[in-house]
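So the protein sequences, as listed, match chains A and B.
Letter 17 of the first sequence, counting from 1, is numbered 1 in the numbering used here, and no numbers are missing.
Start counting at 1 in the second sequence, then tack on 6, and there's your number in the numbering used here.
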Amino acid sequence: ELKVEQNPLFLSMQEGKNYTIYCNYSTTSDRLYWYRQDPGKSLESLFVLLSNGAVKQEGRLMASLDTKARLSTLHITAAVHDLSATYFCAVEHTGTASKLTFGTGTRLQVTL
Amino acid sequence: GAGVSQSPRYKVAKRGQDVALRCDPISGHVSLFWYQQALGQGPEFLTYFQNEAQLDKSGLPSDRFFAERPEGSVSTLKIQRTQQEDSAVYLCASSQPGTFMNTEAFFGQGTRLTVV
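Here it is in structure tokens:
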């Protein structure tokens, strides 16, 4: 059974600081996704990571994937208030065309 | 349409009532998924369709839950005799498998079901 663990569950950050969210998963997978969810909203796709060593960056967010360690990280650089949201990693089950197992989410709160 | 559309956005049901939740996937998307997201949790897989075929229903929590996609496009998730533990946001997602790069799932805005 594929299990996905995310930590921390809650993160309070000061504006301008850097931090990293970690996502560990239990079995091999074809790909890993990072999503953002604002309160009462659906999931917004941030990154799709397809292979070992993949690194993608968008603005202040950078995601990486280490398939050997079964670990992905989402690094936040110089946080701003607009980044406050819940972030989920999701791992695709091999050969199932997008069936996902999600982590429990990291609720990020950026304070002034 | 441009994205995955779900209706209704909000549904309040009395315990024991039957409900039906609708999902309109992105036009042409072959795969359709239903997920259940309880408050403060990540989404959990319920069921998966490829066209009209329901290939995986391992996540449905009980036989009160039933999903269909009779013409391979619109899907309905039906919950019979709703219970309070069914209160959650029900998310629908669609994707277009076939090319390696294009299997990303796109999510609708969800239906928030509250059972009272």
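Even for Gly, the Cβ is constructed at its ideal location relative to N, Cα and C.
For the C-beta of Thr85/A, the chain B residues within less than 9 Å are, from N- to C-terminus, Gly48, Glu50, Phe51. Beyond the five residues adjoining it in sequence on each side, Asn2/A comes within less than 6 Å, by CB distance, of Thr61 in the same chain, given in chain order. In the structure shown, His65/A falls within a helical segment according to DSSP collapsed to helix, strand and coil. A residue is called buried when at least 16 other Cβ atoms come within 10 angstroms of its Cβ; Pro(-8)/A does not meet this threshold and is exposed. The C-alpha of Glu(-11)/A lies about 28 Å from the C-alpha of Gln60/B.
Neighbourhood of Lys(-13)/A in chain B, by CB distance below 9 Å: empty, with the nearest CB roughly 12 Å away.
By alpha-carbon distance to Glu58/B, the top candidate from Phe113/B, Leu27/B, Pro31/B, Asp24/B is Pro31/B. Under DSSP, Thr90/A shares a beta bridge with Tyr71/A.
CA-CA distance, Glu110/B to Thr78/A, rounds to 13 Å. Residue-level contact check: Leu27/A touches chain B, since one or more beta carbons of chain B fall below 8 Å from its beta carbon. Proximity of chain B to Val32/A at the Cβ level (cut-off 8 Å) is accounted for by Glu110, in chain order. Around Thr88/A, the beta-carbon contacts reaching into chain B at under 7 Å are Gln47, Gly48.
Excluding residues up to 5 positions away in sequence, Val25, Leu27, Thr117, Arg118, Leu119, Thr120 lie with their Cβ nearer than 8 Å to the Cβ of Lys17/B in the same chain. Less than 8 Å divides the Cβ of Ala47/A from the Cβ of Ser56/A.
One thing to note: Gln47/B has its Cβ within 8 Å of the Cβ of Thr88/A. When Arg44/A, Leu58/A, Gly24/A are compared, the shortest CA-CA separation from Glu(-1)/A is found for Arg44/A. Counting along the chain, the unbroken beta strand (DSSP E) around Lys40/A starts and ends at 39 to 42.
Taking a beta-carbon distance threshold of 8 Å, Phe(-6)/A does not count as an interface residue toward chain B.
Arg70/B and Ser33/B have their C-alpha atoms spaced approximately 29 Å apart. At a C-beta separation below 9 Å, Leu97/B has these neighbours in chain A: Ser26, Leu27. With 16 or more neighbouring CB atoms inside 10 Å of its own CB, Ser81/B falls in the buried class. Where Asn57/B is concerned, there is no enclosing beta strand (DSSP E), because DSSP gives it neither an H nor an E.
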